[in-house]
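Position 117 of the sequence shown, counting from 1, maps to 116 under numbering that gives the first Met the number 0, and the rest follow consecutively.
Some notes on the structure that comes next.
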Amino acid sequence: MAWVPFYSIVEKIVSRMLYSRVFCGFLAWFAFPPLIPEAIKSDLRLTPGQIANSNISALSATLVVRLFAGPLVDRYGPRKVMAGLLILGAIPAGLAGVIRNARDLYILRFFIGILGATFVPCQAWTSAFFDKNCVGAANALVGGWGNMG
């Protein structure tokens, strides 16, 4: 059948774009932890408790947004939800250079934590694009690529 090679090519192109979206979301979400022990801790004079609170802030935002992302994906589709999450997360990620104290760090990391919820539309999107005989491998690959960010 003539459409099978075309479908395969489209599927690969779309899946590669999805990898990059999840990768970018997780890259921004995971950008702070490696910088905290040296650069951010000394610049903001953070205590170990404040560092732990900033980590909790980022994770709690992800948990909350993931609870809402699932029903939003069902209602509006993974493409629109993914775009919305990336836009919402890009704004605070761009403001990372303006933090001056621990409170600013908590707030910023909370809103950057939104990017961790890109995993939800990613999994729905991948499940829709791949056949049932390979969707598990595709989800594992996309999820792993995102976590590599």
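Built from N, CA and C at the ideal position, the CB exists for glycine as well.
Consult DSSP for residue i and reduce its assignment to one of helix, strand or coil.
| i | result |
| --- | --- |
| G76 | coil |
| L45 | coil |
| N54 | helix |
| F174 | Nothing about residue 174 can be read from this structure; the chain reaches only from 0 to 148. |
| L94 | coil |
| K40 | helix |
| C133 | coil |
| N138 | helix |
Alpha carbon to alpha carbon, what distance is there between residue j and residue i?
| i | j | result |
| --- | --- | --- |
| F109 | V72 | 22 Å |
| V21 | V141 | 8 Å |
| L87 | L66 | 16 Å |
| D130 | A139 | 14 Å |
| I50 | R78 | 34 Å |
| L45 | V119 | 32 Å |
| V134 | S126 | 6 Å |
| M81 | F128 | 15 Å |
| I35 | D42 | 10 Å |
| W124 | P47 | 39 Å |
| A95 | N132 | 42 Å |
Pick out whichever of the options has its Cα sitting closest to the Cα of residue i.
| i | options | result |
| --- | --- | --- |
| I111 | D42, L45, T61, G48 | T61 |
| G69 | N138, Q122, D130 | Q122 |
| A57 | G135, N132, S126, F25 | F25 |
| S53 | G76, L85, M81, I98 | I98 |
| A27 | A137, G143, N132, L85 | L85 |
| I39 | A137, G76, I55, N100 | N100 |
Can you tell me where the alpha helix (DSSP H) with residue i in it begins and where it stops?
| i | result |
| --- | --- |
| A101 | 101–111 |
| P36 | Note, P36: premise wrong, no alpha helix (DSSP H); not H, not E. |
| W127 | Reading off the sequence shown, one finds Ala at residue 127, where the question assumed Trp. A127 -> alpha helix (DSSP H) spans 118–128. |
Three or more C-beta pairs below 8 Å linking the segment 24–40 and the segment 103–112: Here the segment 24–40 lies against the segment 103–112, with 3 or more beta-carbon pairs under 8 Å apart.
Sufficient close CB pairs (3 or more, under 8 Å) joining the segment 113–130 to the segment 72–92: yes
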